[in-house]
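In case it helps, mature numbering (1 follows the signal peptide of the UniProt record, and there is no 0) puts the sequence shown at residues -16 to -1, 1 to 489.
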Amino acid sequence: MLYALVFAILVASVSGAPSGGTGRLVGGTQAARGDFPYVVSISRNEQHICGGFVYNDRWVVTAASCVIDENKADMVVIVGALSLITPDPEEQKIEVFSNVTFPGYNRDTKLHDIALIELSRPIVFGPTAASIRYDEIDELNQPWVGAIVGWGATFPGGVPATRLRSAPIDDFAALCREYGSDEYQPNYMICAGSSTGSAPCEFDEGDPLTQEANYGGIPENIVVGIMSKNKGCGDPSVPSIYTRLATYYSWLLQTAGQQPAPNRVPISEDVGRIVNGNEATRGEFPWLVSISENSQHICGGFIYNDRFIVTTASCVLGKAYPSLRVKIGALVLGIPEPDEQNIEILSIDIYPSYDDVFKQNDLALVNIKRPIVFSDTVKPIRYDEPVESLHTASVAGWGSTTEGGAWEQRLHKIAVFNLTADCRFYGNNEYSINYMICAGDGSTSPCNYDQGSPLVQATDTGNIVVGIMSKNRGCVAPYPPTIYTRLASYYPWLKQSAGQQPASL
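In structure tokens:
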């Protein structure tokens, strides 16, 4: 496969639709069979209209501008193609089950130009069909070299190329001054160009912008953006705009689920939710609870008082009360402890104005049916603002130890360093310092099923919980910082909804 550092170039006319984008890959070269097994052709009535990439075996990512006005009955996704004229022996043509456009997509400015296509049947992975992981673009390491791949036209106003092509992208310092402030927003878009005259063109909307990442000395091709728009491909000196994929991590995960685990050797044995963690001991985290649905662990939380549990809204939103239980005092799920308590749920209170797309105000209270019986291994924990002089904290939970893996049966813990980590790679709608804590130094990470797990500091006056795990951008090394809901910001709501915490805390 072509390994490429790809830092955002957008290719689609600002006002154009998929059929009137910005030309094919001008200045590109033909690809060989199997070079880009993640690239797909999206066709309408057997005519290529735009590109996309394989997210997992049931979902394809493309631009909203590609599918917004399309009838799914007319659409087919072609996986494993090289030539649009001569079918590949392993080519798969799959009908579309549904199109999901990102909420708030603006067809005039192309803001939030991203969509998911749900396929009618799973993709069969092989040498010419595979998923590709997406991640934040690396704008620090040089040389900045990337690639865009697709069947776009090779000259302005042209028809789709019949053979798959790739073009290098190496100018990631482009400023996109040619675009107005409403047309280019760096939190959601990548501006990129080429010193060699390469440019996306018509029918390239949705094409993936790829970059070569290096994880522990192991190279891996990742996608960082999808072609959205440009000012036309007649002047390759004008940079293109790509949708910045990492900004939409929460929506992609919520809508299409997990991506397949990367096909590479992990840096350590633990690469998931509580990554690089250690096993906890009985009574070490007496405030921690497991929230389960139909007897399956789904997330964590902590004891607020004898009747209320604090967790994330993203954990319990839309869940049916009869299927949920709160397990208190557990160490190994499935092996009851002497003081373990399983309690049904009476009600769930989601914080008002919770945003399920960006995880703003990701907080909920679970009201349980009977009081918790406190003991040495079951007790609440006080919450407070983080102590700035303390640079470490801990997180415990039953989250998976591999990206995309199942929850762990035994409780694990990790140390969390750097509670003032830099989360600038999250967009303004994704990270608000007044309501969130950004923490992590890349050595450890929470993972799947760790949402709601408390971030705890050990102070001179005892343990305090300062946040609950809300979201991150995956738990594959190097582990990006994690965002936690800042509990102290919600003091009035917690007190009004759940009352006081025990005075002895």
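Idealized CB from N, CA, C, for every residue including glycine.
Bridge-paired residues (DSSP) for residue i
i, result
"Glu196", "Asn205"
"Asn83", "Ile101"
"Trp43", "Glu102"
"Cys34", "Ile26"
"Arg228", "Gly209"
"Arg91", "In DSSP, Arg91 forms no bridge with anything."
"Arg309", "Ser276 and Glu328"
"Thr263", "The sequence given here has Glu at residue 263, not Thr. Glu263 pairs with His396."
"Gln242", "According to DSSP, Gln242 bridges with nothing at all."
"Lys359", "Looking at the sequence shown, residue 359 is not Lys but Ser. Val362."
"Ala377", "Val400"
"Asp339", "Gln344"
When the options are compared against residue i, the one with the closest alpha-carbon
i, options, result
"Tyr118", "Arg91, Asn40, Tyr419 and Glu162", "Asn40"
"Ser481", "Thr443, Lys343, Arg291 and Ile33", "Arg291"
"Ile452", "Ser165, Pro370, Ala65 and Thr445", "Pro370"
"Val449", "Trp391, Ala380 and Arg394", "Ala380"
"Pro364", "Trp135, Gly446 and Val24", "Gly446"
"Phe401", "Cys407, Glu186 and Gly426", "Gly426"
"Arg147", "Asn289, Val341, Leu330 and Phe20", "Phe20"
"Ala264", "Gly383, Leu374, Leu330 and Gly302", "Gly383"
"Asp360", "Gly267, Asp191 and Ile121", "Gly267"
"Tyr103", "Ile121, Gln76, Phe86 and Lys94", "The question names Tyr, but residue 103 in the sequence shown is Leu. Nearest C-alpha to Leu103: Gln76."
"His96", "Gly411, Leu349, Asp368 and Phe358", "Gly411"
"Asp434", "Arg28, Ile334 and Leu272", "Leu272"
"Glu162", "Leu301, Gly216 and Glu328", "Gly216"
"Gln441", "Cys431, Cys407 and Leu403", "Leu403"
"Pro87", "Pro476, Ile287 and Ala99", "Ala99"
"Trp477", "Pro336, Lys56 and Asp340", "Pro336"
"Gly110", "Asp72, Tyr232 and Gln485", "Asp72"
Sequence-distant residues of its chain with Cβ nearer than 7 Å to residue i (five each side left out)
i, result
"Cys160", "Tyr168, Cys175, Pro223 and Ile225"
"Asp346", "Thr296, Ala297, Ser298, Tyr338, Ser454 and Thr469"
"His32", "Ser25, Leu68, Trp135, Pro144 and Phe187"
"Gln393", "Val316, Leu317 and Gly318"
"Val368", "First, the residue type needs correcting, since residue 368 is Asp and not Val in the sequence shown. If we look at Asp368 and ignore the five residues flanking it on each side, its Cβ neighbours are Ile448, Val450 and Ala472."
"Phe342", "Ser234, Asn413 and Glu414"
"Gly483", "Asn289"
"Thr376", "Ala399, Val400 and Phe401"
Simplified DSSP state of residue i, which is helix, strand or coil
i, result
"Ser25", "strand"
"Leu395", "coil"
"Asp58", "helix"
"Trp235", "helix"
"Gln280", "strand"
"Ser437", "coil"
"Ser331", "strand"
"residue 490", "This structure cannot settle anything about residue 490, because the visible part of the chain is limited to -16 through 489."
"Ala487", "coil"
"Ala176", "strand"
"Gln480", "helix"
"Val249", "Residue confidence is low: Val249 scores 28 on pLDDT, short of 50, so the model does not pin down where it sits. Its coordinate-derived value is still stated next. Residue state, collapsed to three classes: coil."
"Val63", "strand"
"Cys217", "coil"
"Leu471", "helix"
"Cys422", "strand"
"Val222", "coil"
"Ala48", "helix"
"Lys77", "strand"
"Asn345", "coil"
"Ser165", "coil"
"residue 490", "Lying before the first or after the last residue shown, residue 490 is absent from the chain, which here runs from -16 to 489."
"Ala(-13)", "Reliability of the predicted coordinates at Ala(-13) is poor, the pLDDT of 33 falling under 50, and the value obtained from them is presented with this limitation in mind. In this structure, Ala(-13) counts as coil in the three-state DSSP scheme."
"Asn447", "strand"
"Asn351", "strand"
Other residues of its chain near residue i: CB distance less than 6 Å, five sequence neighbours each side excluded
i, result
"Glu324", "Gly313 and Ala314"
"Ile69", "Thr146"
"Phe269", "Ala380"
"Gln344", "none"
"Thr443", "Val371"
"Lys479", "none"
"Val300", "Ile332 and Ala348"
8 Å CB neighbourhood of residue i in its chain, flanking five on each side removed
i, result
"Ala405", "Cys422, Ala423, Gly424, Asp425 and Pro465"
"Ala487", "none"
"Ile352", "Arg291, Phe292, Ile293, Val310, Ile327, Glu328, Ile329 and Leu330"
"Ser416", "Gln344"
"Glu30", "Val60"
Would you be able to state if there are at least three C-beta pairs under 8 Å between the region 206 to 219 and the region 132 to 141?
When C-beta atoms of the region 132 to 141 are compared with those of the region 206 to 219, three or more pairs fall below 8 Å, so the two segments count as touching.
Taking contact to mean at least 3 C-beta pairs separated by less than 8 Å, is the region 138 to 148 in contact with the region 38 to 52?
These segments do not touch.
Can you confirm whether the region 77 to 85 touches the region 57 to 65 when touching is taken to mean that 3 or more C-beta pairs between the two stretches lie within less than 8 Å?
Verdict: yes, contact present.
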